[in-house]
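The structure appears below as structure tokens.
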Amino acid sequence: MISSFQAENFRLFDKLEINRLNRVNLIVGKNNAGKTALLEALLLFSSKMSCNVLFQILESRQEYWMPEQTHFAGQQLINPLGHLFKGHRIPALGEEGFKLSSNNRDAIHIRTGAYILEESENRRVRRRLKPEEIERSDVLPDELYLISESDESASIVMSLEDDLADLKRSANRWKRNNRRSAMPGLQQLDLFGDFFDFPRYQFVSARGISDRESSDLWDGISLTDLENEVLKGLRIIEPELLGLTFVKIDSGVKRSYQAAGRIPLVRQNKNSIPVPLKSLGDGMTRILHTVLSLVWATKGILLIDEFENGLHWEIQEKAWRVVFELAEKLNVQVFATTHSRDCVGSFSKVWQENPNKGAFIRLTKDHDKTTVTEYDTELLADSLEMNTEVR
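The numbers in UniProt numbering rise by one with no breaks, and the one at position 345 of the sequence shown is 345.
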């Protein structure tokens, strides 16, 4: 579990440091204070700079636009990934780049690396240039990459000659290689143990997750005990709900309505017929996305942007209770953001019932500086009672 977190030169943060994190963490702050940026930093750190995560982040923010000039000039290359760095630019050779770490350990350092191609035993070998070689005018790099340094090792994240289309192709290869984790039947193969060698992480954006992703996640837990946890979550809103399934849409309907390949259906009670889940309102969809992602993130992390979206204030306390309970049961660490005072209030009530399992962090931006304020249960409860602004 991530018990503390540091981010340097990432997005709007010069240096962000959170000293105490816990099982379930709620992050608040005004617009452009850095709440979503913090979730992105945690996601990149947990995924070890996965190309799939990189693509999702850039696409969600429409950061695929680039000026026409993309060649290397003055040790600064224009690339979509530049938006992840303070100042929206790729660091020049020798500059620090951004750093993400937990407990001041396990740091990953993202910067620009220069490589040359050398002949070795009748084949070409890529070698990274040393700092002293970069400073020499007679040594010119053949290739430039964004690299991730951790301890004594370094790995290539992306060529700086690539664009977002290249990153998307890499992300699609990653998803194809790991699609097996969301296929029916694999749960018998210790699905939530150490069978798979990639980290478990799930991100629920303010808009939720796609029907394609929902159906894939459902396939991975169908006919397991975790299926019941999802249904219990949906019963927060629809107490008599009997079951959930995903069905394939007729190809003609799919073309006419630009529908997803499979959609969720629910049966509300024994006297009802199955109906599309979305016909029951945004709250049901939000609960499905949240709880489905939570059970899928077993032994990993879940990040939720704008937790309250679609949820009536009377439902939010029940939703937080489900999150606290399942996070502890399934060993998931949860990070969520909110703009809602009702959401903060409902979180505070459930946190007081679980005082050793929560954390509340407020981000405040003053010009270019971001300040972190960390609350304990008593301070948050007192602030809410005195009607002090905490968002």
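Where a beta carbon is used, it is the ideal one built from N, C-alpha and C, also for glycine.
Sub-8 Å separation of residue i and residue j beta-carbons
{"i": "V125", "j": "E133", "result": "no"}
{"i": "F85", "j": "G97", "result": "yes"}
{"i": "V53", "j": "R362", "result": "no"}
{"i": "L326", "j": "V295", "result": "yes"}
{"i": "I328", "j": "R23", "result": "Strictly speaking, residue 328 in this sequence is Glu, with Ile absent from that position. Taking 8 Å as the Cβ cut-off, E328 and R23 qualify as a contacting pair."}
{"i": "S102", "j": "F10", "result": "no"}
{"i": "residue 432", "j": "M49", "result": "Here the chain covers residues 1 to 391 and nothing more, so residue 432 does not appear."}
{"i": "A297", "j": "Y201", "result": "yes"}
{"i": "G233", "j": "V322", "result": "yes"}
{"i": "E238", "j": "Q268", "result": "yes"}
{"i": "A206", "j": "E121", "result": "no"}
Of the listed residues the options, nearest to residue i (C-alpha basis)
{"i": "E17", "options": "P141, V24, A7, V322", "result": "A7"}
{"i": "R127", "options": "R111, P80, L144, S205", "result": "L144"}
{"i": "L146", "options": "A114, T371, E40, R169", "result": "A114"}
{"i": "L280", "options": "E308, R262, I236", "result": "I236"}
{"i": "I249", "options": "R212, K15, D225", "result": "R212"}
{"i": "S60", "options": "V322, D142, K232, G208", "result": "G208"}
{"i": "N356", "options": "L21, D14, I2", "result": "L21"}
{"i": "I263", "options": "L43, S210, I287", "result": "S210"}
{"i": "L44", "options": "D14, L81, Q62, K30", "result": "L81"}
{"i": "S46", "options": "L379, E306, L302", "result": "L302"}
{"i": "T285", "options": "V266, T371, A359, E240", "result": "V266"}
{"i": "H88", "options": "A107, I116, L58", "result": "L58"}
Beta-ladder partner(s) of residue i, from DSSP
{"i": "V334", "result": "V24, L302"}
{"i": "E149", "result": "H109, A154"}
{"i": "P276", "result": "L265"}
{"i": "I18", "result": "F5"}
{"i": "G208", "result": "S205"}
{"i": "T224", "result": "Beta-bridge pairing links T224 to no other residue."}
{"i": "R128", "result": "Y115"}
Where the beta strand (DSSP E) containing residue i begins and where it ends
{"i": "K369", "result": "369-375"}
{"i": "G94", "result": "First-last for G94: undefined, no H or E at that position."}
{"i": "F361", "result": "Here residue 361 turns out to be Ile, not Phe, going by the sequence shown. Run containing I361: 358-366, per the beta strand (DSSP E) assignment."}
{"i": "G243", "result": "243-248"}
Endpoints, the alpha helix (DSSP H) within which residue i is located
{"i": "F347", "result": "341-353"}
{"i": "G37", "result": "For clarity, residue 37 is Ala in the given sequence; the question names Gly instead. Its alpha helix (DSSP H) spans residues 35-47."}
{"i": "I287", "result": "282-296"}
Contact set for residue i: own chain, Cβ-Cβ below 8 Å, skip 5 residues either direction
{"i": "N32", "result": "L12, K365"}
Own chain, CB closer than 6 Å to residue i, minus 5 neighbours either side, in chain order
{"i": "A381", "result": "S348"}
{"i": "L191", "result": "Since pLDDT at L191 reaches only 34, below the 50 mark, its modelled position is unreliable, and no value is offered."}
Own chain residues within Cβ distance below 7 Å of residue i, not counting five before or after
{"i": "K318", "result": "I236"}
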